[in-house]
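Taken in order, the sequence shown gives residues 56 to 303; the numbers are from this note's numbering.
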Amino acid sequence: MRYFIEFAYKGTNYHGWQYQPNATSVQETLTKALSTILKTEIELVGAGRTDAGVHAKQMFAHFDYDLEIDVKHLIHKINSFLPKDISVLDFHKVHNDAHARFDATKRTYEYHIHTKKDAFESDNSWYYQNDLNIEKMNEACKILFNHIDFECFSKVNTDVNTFNCKIYEAHWKQIDNRLIFTISADRFLRNMVRAIVGTMVNIGLEKVSLTDFTKIIESKDRNKAGFSVPAHGLFLTKVVYPYLEISG
Numbered sequence: 056m057r058y059f060i061e062f063a064y065k066g067t068n069y070h071g072w073q074y075q076p077n078a079t080s081v082q083e084t085l086t087k088a089l090s091t092i093l094k095t096e097i098e099l100v101g102a103g104r105t106d107a108g109v110h111a112k113q114m115f116a117h118f119d120y121d122l123e124i125d126v127k128h129l130i131h132k133i134n135s136f137l138p139k140d141i142s143v144l145d146f147h148k149v150h151n152d153a154h155a156r157f158d159a160t161k162r163t164y165e166y167h168i169h170t171k172k173d174a175f176e177s178d179n180s181w182y183y184q185n186d187l188n189i190e191k192m193n194e195a196c197k198i199l200f201n202h203i204d205f206e207c208f209s210k211v212n213t214d215v216n217t218f219n220c221k222i223y224e225a226h227w228k229q230i231d232n233r234l235i236f237t238i239s240a241d242r243f244l245r246n247m248v249r250a251i252v253g254t255m256v257n258i259g260l261e262k263v264s265l266t267d268f269t270k271i272i273e274s275k276d277r278n279k280a281g282f283s284v285p286a287h288g289l290f291l292t293k294v295v296y297p298y299l300e301i302s303g
């Protein structure tokens, strides 16, 4: 039987989701915990990658297991076993061909910036105190909907067949001293969100115009886009599947 595990993690102490030969990953930590508790070797296939330091408020992975799972009991047991920065939210029994990565139809990320130094936000938000023109940054968001090829925001030398992504949502909002960028798409390229945010910060500083932003996207050249903002401000917040109804 195939199950989806729904979980969250603070990425500060991990070298991203995926297995790393010489560093601790979320995938390794969660796999070891699940294998120990279920007393069989479990293989987890994640909904996607997150880089070192990136967080997830909602992430999924699938695994196969021969027996029926007592969900409430297993959630309690595995959360008691896991370190405090990884929490299991739920288990979902799915059809045997369900795939955590390929079946996801939409993913949502948030990037958090705080403009006033806050000792409690150092791991969860990027401290950036320069004034930014949020109106222009939101105008830049609208330009994203006019395009599908986002090679200019992708890490170079990535093993992908296409740089096309369909963006469903993109906007900035300001709440007191916090700026939050939200973006949803059917898929994301490696480093894409952090590169978009870095480019939009340059727009907010009025170093890059909206016309320039269009030209950057059309160039398909990573060197023409902005810097990649620090990983610790980035959160994967939602993954959508056509056959799962998730509350909250």
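For glycine and all other residues, C-beta sits at the position ideal for the given N, C-alpha and C. This one's a predicted model, so the numbers in the text were calculated from it and none came from an experiment.
- With respect to the 8 Å criterion, Ser209 and Glu224 are not classified as neighbours on the basis of their beta carbons.
- Close CB contacts of Thr170 within its chain, under the 6 Å cut and outside five residues either way in sequence, are with Gln184 and Asn232 (chain order).
- Following the DSSP letters along the chain, one finds Ala250 inside the alpha helix (DSSP H) bounded by residues Met247 to Gly259.
- A Cβ-Cβ contact shorter than 8 Å links Tyr64 with Met114.
- Secondary structure of Gly103 (DSSP, three-state): coil.
- Spanning the alpha carbons of Ile272 and Ile203 requires a straight line of approximately 9 Å.
- Gln184 sits in coil when the DSSP states are folded into three classes, being neither helix nor strand.
- Note on geometry: alpha-carbon atoms of Lys191 and Ile235 lie some 15 Å from one another.
- Judged by DSSP secondary structure, Asp267 falls outside any beta strand (DSSP E) and instead within the alpha helix (DSSP H) spanning Leu265 to Ser274.
- For Glu194, the secondary structure class from DSSP, reduced to helix, strand or coil, is helix.
- Short of 8 Å from the beta carbon of Thr84, and not among the five residues preceding or following it, lie these beta carbons of its own chain, in chain order: Tyr69, Leu137, Pro138 and Ile141.
- Taking all protein chains in view, the Cβ of Ala155 is crowded by 16 or more other Cβ atoms within 10 Å, so the residue is classified as buried.
- Boundaries of the alpha helix (DSSP H) harbouring Gln82: Val81 to Leu93, taken from the DSSP string.
- Rounded to whole angstroms, the separation of the alpha carbons of Arg242 and Asp158 is 11 Å.
- Contact annotation: Gly259 and Ile189 have beta-carbon atoms nearer than 8 Å.
- Around the CB of Ile230, fewer than 16 other CB atoms lie within 10 Å, so the residue is classed as exposed.
- Note on geometry: alpha-carbon atoms of Phe218 and Thr79 lie some 29 Å from one another.
- In this model, Val149 and Gln75 are separated by some 28 Å (Cα to Cα).
- Asn151 carries a coil assignment under DSSP once its states are collapsed to helix, strand and coil.
- The stretch 288-299 makes contact with the stretch 103-123: 3 or more CB pairs, one atom from each, lie closer than 8 Å.
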